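Taken in sequence, the protein lines are chains A and B.
Per the numbering used here, residue 79 is the first one in the first sequence, and the count goes up by one each step.
Per the numbering used here, residue 238 is the first one in the second sequence, and the count goes up by one each step.
Note that the Cβ used here is the ideal one computed from N, Cα and C, for glycine as well.
Only a predicted model underlies this, so the values are computations on that prediction, with no experimental measurement involved.
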Amino acid sequence: MTDAPQTPALFAPREPIFPRRVTGPFRRLKWWIMGVTLGIYYLLPWLRWDRGPNLPDQAVLADLAGRRFFFFWIEIWPHEFYFIAGLLIMAGLGLFLFTSALGRVWCGYTCPQTVWTDLFILVERWIEGDRNARLRLWKAPWDARKWRLRITKWAVWLLIAVATGGAWVFYFTDAPRLAVDLVTGQAASVAYASIGVLTATTFIFGGFMREQVCNYMCPWPRIQATMMDADTITVAYRDWRGEPRGKHRKGARAAATTGTATAYDTGQANALPKDAATANLGDCIDCMACVNVCPAGIDIRDGQQMECITCALCIDACDEVMDKIGKPRGLIDYLALSDAPRERAGQPPIPVWKHVLRPRTLLYTAMWGAIGLGLMFALFIRSDIELTVSPVRNPTFVTQSDGSIRNIYDVRLRNKSGDDRDFRMSLTADTPLRIDLQGSETLSVNVPADSTKLQRVYVTARPQDPAATRDRTPLRLWVEDTETGDRASSSTTFNGKATP
Amino acid sequence: MTADPNDPKPAKPPVDDVTGIETTGHSWDGIEELNSPLPRWWLWTFYATVIWGIAYTVAYPAWPMIDRATTGILGYSTRAEVAADIAAFEDATAELSAQLARADLTALEPDDPLHRYAVSSGAAVFRTNCSQCHGSGAAGARGYPNLLDDDWLWGGTVEQIAYTVRHGIRNEQDPDARWSQMPAYRDLLTPDEIAQTVEYVVSLSDRPHETAQAAQGAEIFADQCSACHGEAGTGMREMGAPNLTDAIWLYGGDREALTATIANARFGVMPPWGPPRLSEAQVQAVAAYVHQLGGGEASEASDVPAN
């Protein structure tokens, strides 16, 4: 029993990450996206939309109890779920498209995990200070100041988390009424439970788990690996320009700087071959700015990494440094990996549009557009009235005393408009058939607003009619809105008393 | 390798060099098995389930005994839960049922909530009590009338249907049951006479027949049958005598079936379904349900029978 000199660790504790504040165009873009997406999420349920007296006036509402989904002027019934399915397929294809063209832009800019983590880090920075202050605080003993800062931070996080969980439930019922019910303790228990669960997940995922959610819980980073190829524009480090890295000394890179500036003007800065005579060192001064701002805690200079969400903050950080030392921007940049050998060889990169427009992305765009157009088409041709016909097959037909043959149909009439409507029923067939409605002398039936009515319909063939003795006769049941003239129909069959 | 795997009794449990964890001492071609302790969360979860399991069997019915299981100190049973559910449902509908029991079915509009309640609860009553003979679709069978058509032996208004349901047909239990009896003609008529009568009955519904035979049968019909079935064979609802001129035959309309009917007579029986078998509200409900199946007739004042 001798101790081995080196015991490989089977468990690695999380290294805490303290992202430094950074400014730049990508950071500004991320602030804008955060503002817009969170604004939509928190405020959308409060937007009103007048649909008349019989329907809710919430612009976006998933009314689970009433089995309706309202989206501005669109109302989806449960049997039209294919709209939702189509949108989900479009969302999937859209992710494929953006990932194959621009890498993990979804992860870096719009994923809720990224957006809320960003917000939580912002709060953290406001309360505890920037990277160095947070590092010191983390190492400091638990004194009164640390408790005060920590508790303040947690309290603000919790407020955001409660608002996040709270906003979610407003999508499922009338927001102003639910808000009152929530405060007075009269809301449904499922509302409180949903808020509780989402508060907990927001608080824990955004405050404590952060990049671990992406690394260990989310399947998307693994799937995305198969969507990306050498033409995908992604965040990368130009090692041929940066290496060998070394500390910056004023004047040491002077000659190179002059040369680079000229080349930069001609758009060839990044392809500039290093001249060993003018400088031994590359452009990277190893200032660790790219590492310090990274919310995933990685070093982009190590190459493509599974943990990288391509948030582009390292680009902003590096560009800032390059500006300071008088070097061209773009040491860390969005670039296609297939350009690396070309730039290494001193050639200009292929234009971005050539990377983006390739069969794969065109195919994704075509599929995405086709489904989108199909959904739009389906949305515009769908009628306010609909019917489905279930023929009663127990029994298949009834012989009446005069020898005529009657078939019975259960017809569901849907009035999707916001007003009560009178529907008139009729039938078409290539042989004579009569139609009657259960419980009504006329062929007219009133269907209340936004509802389905089950109407039993009798279709009769006289003994001398061909349909009475034919095994099966096709027919079509029609419904017409007496007010607007809208029509809908459904085909079915009539069973006769076939004589052997 | 810290311990000789062939040593039957190592002095101490062997320990793996790399991880510092005990091994089980088993070795397969040099591959050893770590004897890692169970994760603590797993162990505590396991203990918690054991405690839960014991508490559950004490609180709820669990252990099978000779003729029953232990009842558990909470006294819970699924049967009692169902009974409570049924009682709660009956409480909830008590008001509607009481209204329905008193209601005048002829006066109910189709859109009246009470009528809708009657039809939907009547459908349930029908499936439970009537479908055995009349079929789940109410289409009947040979000898069991089809309730979807427009032909009624004893009347098709909603009160007549309710009366039939309440008292039944040709049963001994209810003195108010609808009653009639067709004689068996095999003792009263010769086989030839029966055949002639059959031919006449076939002619009544405009089917191909032998004219001479039917003419002889017409005389027999006038003597023997018209008292109940009517001069023209159109039936008589007071006697439950079917219309012989229409397209509907309860026991079959071919010559063979008609011969059997005339020779042996028919005696269809329906039990009385009024209280105590079904409640008054259930009788009303099933009558309303059957009436709206497709053949129900509109009520006239003179049709209403005394209960």
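Pairwise C-alpha distance: residue j and residue i
i	j	result
W279 (chain B)	Y294 (chain A)	21 angstroms
L487 (chain B)	A378 (chain B)	8 angstroms
P91 (chain A)	Q290 (chain A)	11 angstroms
C365 (chain A)	K325 (chain A)	8 angstroms
T547 (chain A)	L133 (chain A)	48 angstroms
I431 (chain B)	P544 (chain A)	35 angstroms
A539 (chain A)	R444 (chain B)	20 angstroms
M79 (chain A)	P297 (chain A)	In this predicted model, M79 (chain A) has a pLDDT of only 43, less than 50, meaning its place in the structure is not dependable; the value taken from the coordinates is given anyway. Each residue's Cα considered, the two are about 43 angstroms apart.
F475 (chain A)	I486 (chain A)	7 angstroms
W232 (chain A)	C372 (chain A)	22 angstroms
R99 (chain A)	G381 (chain A)	23 angstroms
R316 (chain B)	D328 (chain B)	18 angstroms
I376 (chain A)	C189 (chain A)	19 angstroms
N583 (chain A)	R436 (chain A)	With chain A covering 79 to 578 only, the question about residue 583 (chain A) has no answer from this structure.
D483 (chain B)	S482 (chain A)	10 angstroms
G489 (chain B)	P156 (chain A)	48 angstroms
V114 (chain A)	L107 (chain A)	11 angstroms
A325 (chain B)	S314 (chain B)	16 angstroms
N358 (chain A)	T443 (chain A)	47 angstroms
L505 (chain A)	L553 (chain A)	7 angstroms
Any C-beta of chain B under 9 angstroms from that of residue i
i	result
I486 (chain A)	yes
G481 (chain A)	yes
Y294 (chain A)	no
T477 (chain A)	yes
N573 (chain A)	no
Q586 (chain A)	Residue 586 (chain A) lies beyond the residue range present for chain A, which begins at 79 and ends at 578; the question has no answer from this structure.
V467 (chain A)	no
S568 (chain A)	no
Y160 (chain A)	no
M79 (chain A)	Residue confidence is low: M79 (chain A) scores 43 on pLDDT, short of 50, so the model does not pin down where it sits. No coordinate-derived value is stated.
A82 (chain A)	Unreliable placement is indicated for A82 (chain A), whose pLDDT of 46 sits below 50; the coordinate value is still reported in the next sentence. Yes, A82 (chain A) counts as interfacial toward chain B.
Beta-carbon contacts of residue i that lie in its chain and below 7 angstroms, excluding the five residues immediately before and after
i	result
L215 (chain A)	E206, K224 and L227
H433 (chain A)	D309, I311 and A414
A218 (chain A)	K224
C396 (chain A)	A367, C368, L409 and I410
I485 (chain B)	D386 and D388
T265 (chain A)	For the sequence presented, residue 265 (chain A) should be read as Ala rather than Thr. Here the set comprises L256 and D259.
M384 (chain A)	P299
D196 (chain A)	K108 and M112
Residues near residue i by beta carbon distance below 6 angstroms, same chain, minus five either side
i	result
D413 (chain B)	H404
A455 (chain B)	Y437
V201 (chain A)	V234
R438 (chain A)	S178
A137 (chain A)	L125, W127 and F150
F96 (chain A)	R209, R212 and L213
K531 (chain A)	L491 and V525
Proximity test, Cβ basis, 9 angstroms: residue i and chain A
i	result
G545 (chain B)	Only positions 238 to 544 of chain B appear in this structure, which leaves residue 545 (chain B) out of reach.
G372 (chain B)	yes
Q529 (chain B)	yes
Q521 (chain B)	no
Contact set for residue i: own chain, Cβ-Cβ below 8 angstroms, skip 5 residues either direction
i	result
F104 (chain A)	C389, A390, L391, I393 and D394
L236 (chain A)	T277 and F281
F248 (chain A)	P123, W124, L256 and A257
S272 (chain A)	G243, W246 and V247
Contacts that residue i makes with chain C (C-beta to C-beta distance below 9 angstroms)
i	result
N472 (chain A)	Among the protein chains in the structure shown, which are A and B, there is no chain C.
(message) Counting only Cβ-Cβ distances shorter than 8 angstroms, please list the residues of the stretch 453–485 of chain B near chain A, keeping chain order.
(response) Cβ contacts with chain A come from N480, D483, A484 and I485.
(message) Tell me which residues of the stretch 375–407 of chain B have at least one Cβ-Cβ distance to chain A shorter than 8 angstroms, keeping chain order.
(response) A376, N383, L385, D386, D387 and D388
(message) Closer than 8 angstroms is the cut-off here; do at least three beta carbon pairs connect the stretch 424–439 of chain A with the stretch 163–172 of chain A?
(response) Segments in contact, no.
(message) Using a Cβ-Cβ cutoff of 7 angstroms, what residues of the stretch 329–355 of chain B are near chain A? List them in chain order.
(response) P347
(request) Please determine if the stretch 496–509 of chain A and the stretch 557–566 of chain A are in contact, where contact requires at least 3 C-beta pairs separated by less than 8 angstroms. (result) Short answer: they touch.
(message) Within 8 angstroms, do at least three Cβ pairs link the stretch 416–424 of chain A to the stretch 108–126 of chain A?
(response) no
(request) Examine the Cβ distances between the stretch 349–366 of chain B and the stretch 521–529 of chain B and report whether three or more of them are shorter than 8 angstroms. (result) yes
(request) Kindly confirm or deny that the stretch 511–520 of chain B and the stretch 333–350 of chain B touch, where touching means at least three C-beta pairs closer than 8 angstroms. (result) yes
(message) Would you call the stretch 287–298 of chain B in contact with the stretch 308–328 of chain B, where contact means no fewer than 3 C-beta pairs closer than 8 angstroms?
(response) yes
(request) Determine contact between the stretch 153–171 of chain A and the stretch 437–451 of chain A, defined as no fewer than three beta-carbon pairs at a distance below 8 angstroms. (result) Touching, per the Cβ criterion.
(message) I want to know whether the stretch 455–470 of chain A touches the stretch 470–484 of chain B - three or more CB-CB distances under 8 angstroms.
(response) Judged by Cβ distances under 8 angstroms, the stretch 455–470 of chain A makes no contact with the stretch 470–484 of chain B, as fewer than three pairs qualify.
(request) Could you name the residues of the stretch 533–560 of chain A whose beta carbon sits closer than 7 angstroms to any beta carbon of chain B, in the order they occur along the chain? (result) For the stretch 533–560 of chain A, which is checked against every Cβ of chain B, the residues closer than 7 angstroms are Y536.
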